[in-house]
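Protein chains in written order, with the numbering used here: chain A, 120 to 405; chain B, 2 to 233; chain C, 636 to 766; chain D, 554 to 1225.
All C-beta atoms, glycine included, are put in the ideal place defined by N, C-alpha and C.
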Amino acid sequence: MALLLSLAGCSGGVLDPQGPIGAADAKILLNAVEIMLAIVIPTLVAVLAFAWWFRASNTRARYLPDWAYSGRLELIVWSIPLLVTLFLAGVIWIGAHDLDPSRPIAPQRKPVEVQVVSLDWKWLFIYPDQGIASVNQLVVPADVPVHFSLTSATVMNMFFVPQLGSMIATMYGMVTQLYLEAGHVGDFYGESAQLSGDGFSDMHFTLRAVSVDAFAQWVAATRQAGPALDRAGYIALSQESRHVRPFTYRAVEPALFRAVVDREFPAGPGPTGGTGGPSVHPAGAR
Amino acid sequence: MSSTTEALPQPHRRDIAPAKLGGRGAPGHGGGGHGYATGHGEGGPASKRVIVGYGFWIFLLSDIVMFSCFFAAHAVLQTATAGGPSGRALFDPSRVAIETGCLLASSFTCGLSAVATEARSRLWTQLCLLVTGLLGFAFLTLEAKEFAGMVAAGNGPQRSAFLSSFFAVVGCHGLHVSAGLLWLGTMMAQIYVKGFRPNIVRRLLCFNLFWHALDIIWVALFTIVYLVGEGR
Amino acid sequence: MTPAKEEINADDVAPGVMEAADHSIRDGIQGYLIGLALAIMLTVASFYIVHTPLIWGPGIPVALVVLAIAQIGVHLVFFLHITTAPDNTNNVLALAFGVLIVALVIGGSLWIMSHLNQNMLPMDQMTRMQR
Amino acid sequence: MHLLGKLSWNAIPWDQPIPLVAGAVVFVALFAVVAWTILKGHLPYLWREWITSVDHKRIGVMYTLLALVMLVRGFVDAIMMRSQQAIAFRAPGYLPPEHYNQIFSAHGTIMIFFAAMPLMIGLMNFVVPLQLGVRDVAFPTLNATSFWLTATGALLVNISLVVGEFDPAGWLPYPPLSELRYSPGVGVDYYLWALLISGVGTLMTGINFVTTILKIRAPGMSYLRMTIFCWTALAANLMIVAAFPVLTATLAMLTLDRYLGFHFFTNAAGGNMMMFINLIWAWGHPEVYILALPSFGVFSEVISTFSGKPLFGYRSMVAATMFICLVSFTVWLHHFFTMGAGADVNGIFGIATSIIAVGTGVKIYNWLFTMYGGRIRFATPMLWAMGFLVTFTIGGMTGVLLAVPPADFQLHNSLFLVAHFHNVLISGVLFAGFAGITYWFPKAFGFRLHEGWGKAAFWFSLIGFYVTFMPLYVAGLLGMTRRLQHYEVAAWHPWMLVAAFGIVIMTCALACQVTQIVVSIRRRDELRDETGDPWDGRSLEWATASPPPAFNFAVLPDVRGEEPYQAIKRRAIETQQLSSEAQYEPIELPRNSPTGFIAAFFSTITGFALIWHIWWMVGLGLAAAYAVFVWFAWRDVEEYEIPADAVARADRDRRRARAEWLDHHERAGEPA
Ligand code: HEA
Ligand code: HEA
Ligand code: CUA
Ligand SMILES: [Cu+2]
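Have a look at this one:
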């Protein structure tokens, strides 16, 4: 296990974190493993040792055919896991609070705002303060907290950038909150961690953390080119499509995200048919 | 630890047929000293009546757990009217009161039928069961009317999540009552043809349990769905 | 084995079976009558309370739930013959298990769902709360 | 409307060779088997002795058979997934997504509901009445019905392979993806009806076994004298009774959404999909312990028997079992920490989850101390148990890790999670199944399984497991999420290749298992067990003949302590004689009944009709089901009697074998 852990380090996964949230998540993960290994390894060793020593062919081992109870051992048997669990319970409680996804990273630093909409099957990122948007590509300044507000245009998805830390669900008509921060400049792999249909495997994107200046430049450049995202454009975008190349919008209709959340658009249309496709149309389904 | 069962006091055992499945310990192998039906003790298999009654009791509890999910869904969705009508606009308290009366009375007559069965009176058992069935039918008719009225007014289960959960939880109870009526009819026919044979008496016991349990669920229903819901 | 006497045992009793004590017809009917009377009282109280100004508005649902629990108790005791006698231990334990599960499922679900809903309020309400 | 509802020629996937060929092979095989039985004239025998049987032993065997067949089906799915992921690096692979999605959903559904559950229920059926020292379960006909309804569910899932499609939204199909709008095909409907129907069967099993264990035990068998297997069976069945109604209700709501336009979980009209996820896991977590607890029971029996000692800390074991039974109902939110319920809720449920480790840990240590001071024989069942102890501890540890919310925020739905649950399921359930089958096989059929092939199967399974699933832990830590039909991240690819190699080893294990069965049947005379007690067992099932007579025990055993059979044996060895022959009495047993089979027949028809919206057929099926019910209620004779001299004859044979054993024992001069 420890070997596996070390193998998994330093190669772009959750054990190679590139930001404070990811680092804290990974730290807790490793700590929990250490706490448990402290008891699990002796347990495993004892299992193998007892099995070996008390094998039937070993005449030196003492045979205690009636030994089935010992009050003292009984106590140990209950208290060892209990104590470990107590310890873990502390980690769990504190971890759940300190690293709650909706908890701001550093209240004094103003975060960059990004609104995320998961569509079939791509990601739409809206920058409300900059008035631009992008698809399947997320550019953020490094060393600055990012505040995500997330929703879905269709089914549930899960927004996840492994090296930056916590994932969070996106759901139709609801908004979830997430704070992340990239500690370095770099490209990080992002994906959906929740099955969302046939194009699910294509719901990956690149998170590009760039310097603050480069971010400003990118914003400026983005404003110069590409289409503008209005309501009609959004409806077109929300049709099913796979393997969407990253692109940007030079402008976004201001309250678009809120309109999505407030269900002003019908939910994404979904596929037109499966085997034995729909022959009945329930009255209420839109 | 090694108490021999022979030593147990046996003051109140009567001559009872043990369960068929278990059979009884042969003499010499328990000395015939075992009781026949302790649920938690050491007396060997319980009597058939206890087994059947207990099994049905467990079934009822599982049924109540199932209802609790519909209740939970209703509690979560009762404000999700999606612009449609709320409970206050839809429910008619006097109808609910009559429905409640029907069901409560039927529970009572059902209990009387059990007394009549205990006294092995075919006539009274059948009469009580008949009244129970009629009251149940009256209840169902009222409920069907309510449903039909709501659907006709465009407030069917497709209207909103609130109405979905309403129709589901109330309808599920209604389905149970319908199934109960089918069962009741079958039981009456069986009593008519076969009389009070032990297996039929056991089934009557189960039917009684079922019917009383439906009434209990209705108590929760009229309280949570109708009365509390009306306040919204 | 006469059917009438079949399977009455002082140690273990099927749920729904009347106590050996009230085995006469009169006692049997009387039990159901008492149950009916109590149930009617509680039901009437429930229906009455909904519209009464006597009780503080927000307290009404609580009162209703308490009344319902009382009535369910009445049904259990007088119609289903659940008692605390030792012969009923298994029946009562099963009931307690069921009630516990129901409480966990309903209580847990409501607790979880209220937190989820609260954390996922649509935008405007969210921002309103933040400001 | 169309007479056949939505069903048409196009429902059969003519354009998809893989399922078509697979389906064709299955059906040809099935047809061949049926044709063979009819031609050989075995049908009357099958009908008489198996299909209509209400004997808990027969039903147990049928459950186990169903489980093994479904294991193979699930394994084929697993091979397809592992090979797809091995080649789908920057490539589409050979399974298009709409097909791949059905495969993992079918794999999960089949493995949990139609392999693992029948495996455990099968063992319970066979063993529990024997260990309680009684003749059958509380409701034998209901028991048969449970089995046949489970088989109905399995059949429907397998029909979907050829006619239509299966659920593409996962083994627990989350809405809104599973709603009509996003899954308009019949796949989810197959899933729903298969599980609703088999769920009824499982619920009835739960009721049956709770009643059996609480109300039908041999004289003197107080609660604290029951075997741990019976205790775990009691706990598991209590959990079935409490949890399966939740599954039924939740699936019923989704069904209402899909069929009648309700809005429980839709995106429209105020539906709330989070409620589905909440409710399904309120069933789902108890479910994994419904599977794990009986497995723990099997290992308790095996470890104690092969260590030649009573189980250490019996009372602790009982307490831990019931502890797990209750606490399992308080942890379900750990499956959706990442949905955002907030710190308090996540914290509480995380802690509740980690507390389960206490109950499980106690069990691990009790097994450990059972081995201490033992004289351990490493027969095949004991090997499975050892593999379990080591592997399950690791899987449990990763489970507890997932219970830590910040860790889960990174590992949820990753291959790490997939590795965790295969880690516990394969060691905890599959290994237990194999251990149990090997252990009780001689009891069921009168001869042992071949040890050599069994041990080979064990080693291939163990190594195959580690090679297949350890890489998935790594891939999960590298951020690889589950259910990917293809991927573009280079770092994941090598691990997928290793895992694919692991499945090759697993295939060897399967081959060994099959060989083991074939070889054992061929050499059954060598492997014959005459005494009824091939392993030097300690509980009552070993007190009767192998295979046991229909009535199990000629006279119900008189239980005077824990490990009753061990006590009887000791007494026999000390006094050098068997207990005196009892006075035999006639025994009444329940008659065979086709009720279960017929009920399943009509529910298959009804289920199929519902899936394809063939409403007239639905009506027909339901009417027929009611008719069967009434017909069953009307039958007069429910039992038949075995005369006393037949009982005596059967029991004297057994006693003769035991007497020989005693002789032999005396000469060997071995202490008990
Ligand atoms: C038999 C099946 C089984 C069993 C027994 C378990 C056992 C456990 N599981 Fe697992 N689990 C599953 C089957 C099972 N699980 C499945 C199928 C899923 C995924 C479903 C899906 O999403 O599709 C899942 C998912 C799952 C999750 C959700 C993760 C996610 O979706 O993000 C979590 C999180 O808490 C979890 C935790 C646990 C824990 C804490 C245990 C504990 O019970 C383990 C306890 C055991 C030990 C800890 C080892 C022995 C103990 C000691 C040696 C004592 C000392 C040790 C300590 C004190 C640490 N499981
Ligand atoms: C009991 C449950 C169980 C079992 C045993 C298994 C066994 C296996 N599973 Fe499965 N699996 C699940 C439950 C189970 N699984 C679930 C619930 C899911 C989630 C589905 C979802 O995402 O919706 C899943 C998903 C899942 C995935 C999808 C991962 C993803 O999301 O990307 C994969 C991929 O490889 C996989 C692989 C395997 C493999 C290789 C085995 C192998 O270990 C199989 C090994 C089997 C054998 C070696 C059997 C051999 C023996 C016999 C057949 C008996 C002998 C027969 C006779 C004697 C006649 N599983
Ligand atoms: Cu990524 Cu296709
Ligand atoms: Cu769980």
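Does DSSP put residue i in a helix, in a strand, or in coil?
i: N563 (chain D); result: helix
i: Q137 (chain A); result: coil
i: T367 (chain A); result: strand
i: G893 (chain D); result: coil
i: G33 (chain B); result: For G33 (chain B), the predicted model reports a pLDDT of 33, less than 50, meaning its position is unreliable; a value from the coordinates is still stated below. Reduced to three states, the DSSP call for G33 (chain B) is coil.
i: L1063 (chain D); result: helix
i: T780 (chain D); result: coil
i: F324 (chain A); result: strand
i: F642 (chain D); result: strand
i: Q753 (chain C); result: helix
i: Q256 (chain A); result: strand
i: L749 (chain D); result: helix
At a cut-off of 7 Å, would you count residue i as near ligand 1, judging by its Cβ distance to the nearest heavy atom?
i: N966 (chain D); result: yes
i: Y842 (chain D); result: yes
i: W337 (chain A); result: no
Give me whichever residues DSSP pairs with residue i in a beta bridge.
i: K1195 (chain D); result: Per the sequence presented here, residue 1195 (chain D) reads as Ile, with Lys not at that position. DSSP output for I1195 (chain D) lists D:I1140 as bridge partner(s).
i: A960 (chain D); result: None; A960 (chain D) has no bridge partner.
i: M277 (chain A); result: A:A288
i: H266 (chain A); result: A:E232, A:Y298
i: D306 (chain A); result: A:R327
i: L238 (chain A); result: A:K241
Between residue i and ligand 4, is the CB less than 7 Å from at least one heavy atom?
i: H838 (chain D); result: yes
i: V210 (chain A); result: no
i: H216 (chain A); result: no
i: H973 (chain D); result: no
i: V884 (chain D); result: yes
i: H887 (chain D); result: yes
Using a Cβ cut-off of 8 Å (strictly closer), state whether residue i contacts chain D.
i: Q428 (chain A); result: Because chain A spans 120 through 405 in this model, residue 428 (chain A) falls outside it and cannot be assessed.
i: N723 (chain C); result: no
i: L46 (chain B); result: Looking at the sequence shown, residue 46 (chain B) is not Leu but Pro. By this cut-off, P46 (chain B) is an interface position.
i: Y55 (chain B); result: yes
i: M67 (chain B); result: yes
For a cutoff of 8 Å on Cβ pairs, would you count residue i as touching chain C?
i: T819 (chain D); result: no
i: V294 (chain A); result: yes
i: T883 (chain D); result: yes
i: L1 (chain B); result: The structure shown does not extend to residue 1 (chain B), since chain B is modelled only from 2 to 233, so the question has no answer here.
Determine the closest residue to residue i out of the options, with distance taken between C-alpha atoms.
i: V607 (chain D); options: D:L583, D:H595, D:N678; result: D:N678
i: A1053 (chain D); options: D:Y1019, D:V1190, D:L599; result: D:Y1019
i: A1177 (chain D); options: D:F1155, D:W784, D:V587; result: D:F1155
i: P1196 (chain D); options: D:R1209, D:A821, D:G558, D:A1103; result: D:A1103
Any C-beta of chain A sitting closer than 8 Å to the C-beta of residue i?
i: M748 (chain C); result: no
i: Y754 (chain C); result: Note that residue 754 (chain C) corresponds to Asn in the displayed sequence, not to Tyr. Chain A, which has a Cβ nearer than 8 Å to the Cβ of N754 (chain C), makes this yes.
Closer than 7 Å: is that where the CB of residue i sits relative to any heavy atom of ligand 2?
i: I1070 (chain D); result: yes
i: L1037 (chain D); result: yes
With a threshold of 8 Å between beta-carbons, can residue i be considered close to chain B, or not?
i: G837 (chain D); result: no
For a test of your reading of the model: does the CB of residue i fall under 7 Å from any non-hydrogen atom of ligand 6? Yes or no.
i: H266 (chain A); result: By its list of ligands, the structure shown excludes ligand 6, since it contains just ligand 1, ligand 2, ligand 3 and ligand 4.
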